[in-house]
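Read the structure below first, then the notes.
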Amino acid sequence: MMTRWAVVSDFDGSFTEMDGAVGLLDHYTDVDWRKLDDLFDTDEITLRILMEKEADMLNCTRSEMIEFALKNMIVRKGAVEFIKLCQERSIPVTIASEGFVDYIEKILEREGLEGVTVHANRLIWEDKLIVGLSHPSGSEDCDKCGTCKENIVKEYQAQGYKVVYIGDGISDLCGSRVADKRFARDRLAKDLGKKGMEFTPFEDFHLISEFVRSNPS
Ligand SMILES: [Zn+2]
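Number 781 in the working numbering belongs to position 148 of the sequence shown; there are no gaps in the numbering.
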């Protein structure tokens, strides 16, 4: 029997070149938000709390945010073609992100991509201001993540799929750890390396498309 593959990809810094949350924070807050990353690194706060605190710090309207994202967040080379290749081959693709669905959907739309499942946090707006962060793809089993990427991978596996994981950051470690094939860059590549876990480094999506082509599903 042929292996059935599914793809779970991170968005910020993986699908796109820029990490949108980082870009937005650098642009729309005056406080030293990077200190929050240290709290996460030392296990003082969870990823879910980290994202909520970051959202709290953002000082922009929804239209400013979307305009900023559309202007600055270019997609990584070969990413759009990769999604289309998967769609042609009926390989399910899920974007799993600790970023904000608010701009992710707009960028997919800009790139002419339809039918991509997106699991991400959603900002709560009131009178054009951010008043909170909701986790529509949070997991009942895990209150550490806003979007539990590990659960998303495991759900595919429970349906009989093998999972390709694509990621770059601290939110990708749990999900990639349980995946069947890993593509990693930046911080995730370092973290997987430290743990002695196998992965393929990537800087664009051509290599990942090549993997899909040579592993028919
Ligand atoms: Zn989780």
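Backbone N, C-alpha and C fix where the C-beta goes; we use that ideal spot for every residue, glycine too.
Legend entry - Check: Cys807 C-beta below 8 Å from any heavy atom of ligand 1: yes
Inset, instruction - Using the Cα positions of Phe844 and Glu747, report the straight-line distance between them to the nearest angstrom. - result: 22 Å
Legend entry - Contact set for Lys739: own chain, Cβ-Cβ below 7 Å, skip 5 residues either direction: Ile699, Ala702 and Leu703
Inset, instruction - Quick one: give me the first and last residue of the alpha helix (DSSP H) that Ile740 is part of. - result: Val734 to Arg743
Legend entry - Assigned exposure category for Gly765 - 16 Cβ within 10 Å defines buried: exposed
Legend entry - Option nearest Thr750 by Cα separation, candidates Gln790, Pro725 and Lys777: Pro725
Legend entry - Proximity of Ile803 and Leu657 at Cβ, strictly below 9 Å: no
Legend entry - heavy atom of ligand 1 below 8 Å from Asn754 C-beta: no
Legend entry - Sub-9 Å separation of Gly808 and Val641 beta-carbons: Cβ atoms of Gly808 and Val641: closer than 9 Å.
Legend entry - Residues that Arg815 bridges to, as DSSP identifies them: Tyr798
Legend entry - Three-way DSSP call (helix, strand, coil) for Gly771 in this model: Correct three-state label for Gly771: coil.
Legend entry - For Gly808, the residue or residues it bridges with in DSSP: None; Gly808 has no bridge partner.
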